[in-house]
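Asks:
Numbering (this note's numbering), first residue to last: 1 to 181.
1. Just how far apart, CA to CA, sit residue 53 and residue 79?
2. Between residue 162 and residue 81, what straight-line distance do the alpha-carbon atoms span, to the nearest angstrom?
3. If you draw a straight line from the C-alpha of residue 177 to the C-alpha of residue 139, how long is it?
4. Locate the alpha helix (DSSP H) running through residue 128, then write down its first and last residues.
5. If you reduce the DSSP assignment to three classes, tell me which class residue 54 lands in.
6. According to DSSP, residue 150 sits in a beta bridge with which residue or residues?
7. Thinking just about the alpha-carbon of each residue, which of 64, 60, 76 is nearest to the one in residue 47?
8. Identify whether residue 82 lies in helix, strand or coil by the three-state DSSP scheme.
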């Protein structure tokens, strides 16, 4: 939440909007990914997302990219990142190492930043507590809303995993005790 202020109106593209940070990053922004939240959806498995993002931004590019996919997708994301833009990578579900061409960064002052909650927890536990407090305040105030896509009873956990692995889920997939369904 400290890396990007969603109230600036900066164009944001998020690869893998169903991941845990999705609701915090997309809610309230001018996102180019999650149609469920009223944004333009780009299915990066079916169309050239970089070309589409450039089209949607009038060839200006997006200011912030949140990438949980990595690999080739990260490299393609750099091609639609605006000058002075920031790409934050915090996952590798796409497999493979990403290749970053240095000229794409320094010629237009773009930045790639890595993020790991695990490393942050180990090295700056007080910061994690503060970020968690801020996130919970955003939820409690209604500024951020979690999008619940599916609920499963705990005994149906395998079906919940199947849904997530199919990449067909939208929003959070919850496991609940029977009395909470």
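Ideal placement from N, C-alpha and C gives every residue a C-beta, glycine not left out.
Replies: Here's the rundown:
1. Here residue 53 refers to the residue found at position 53 when the chain shown is read from its first residue. Here residue 79 refers to the residue found at position 79 when the chain shown is read from its first residue. So the two alpha carbons sit approximately 10 angstroms from each other.
2. By one-based count along the chain shown, residue 162 stands at place 162. By one-based count along the chain shown, residue 81 stands at place 81. So the alpha carbons of these two residues sit roughly 33 angstroms apart.
3. Along the chain shown, one-based indexing puts residue 177 at 177. Along the chain shown, one-based indexing puts residue 139 at 139. When rounded, the distance between both Cα atoms is 22 angstroms.
4. If you number the chain shown from 1, residue 128 lands on position 128. Taken as a continuous stretch (DSSP letters only), the alpha helix (DSSP H) holding residue 128 covers 125-141.
5. Here the question's residue 54 lines up with position 54 in the chain shown. It is helical.
6. Your numbering for residue 150 matches position 150 in the chain shown. BP columns for residue 150 point to 173.
7. Taking the chain shown and counting its residues from 1, one reaches residue 47 at position 47. Closest by alpha carbon: 76.
8. By one-based count along the chain shown, residue 82 stands at place 82. DSSP places residue 82 in strand when its eight states are reduced to three.
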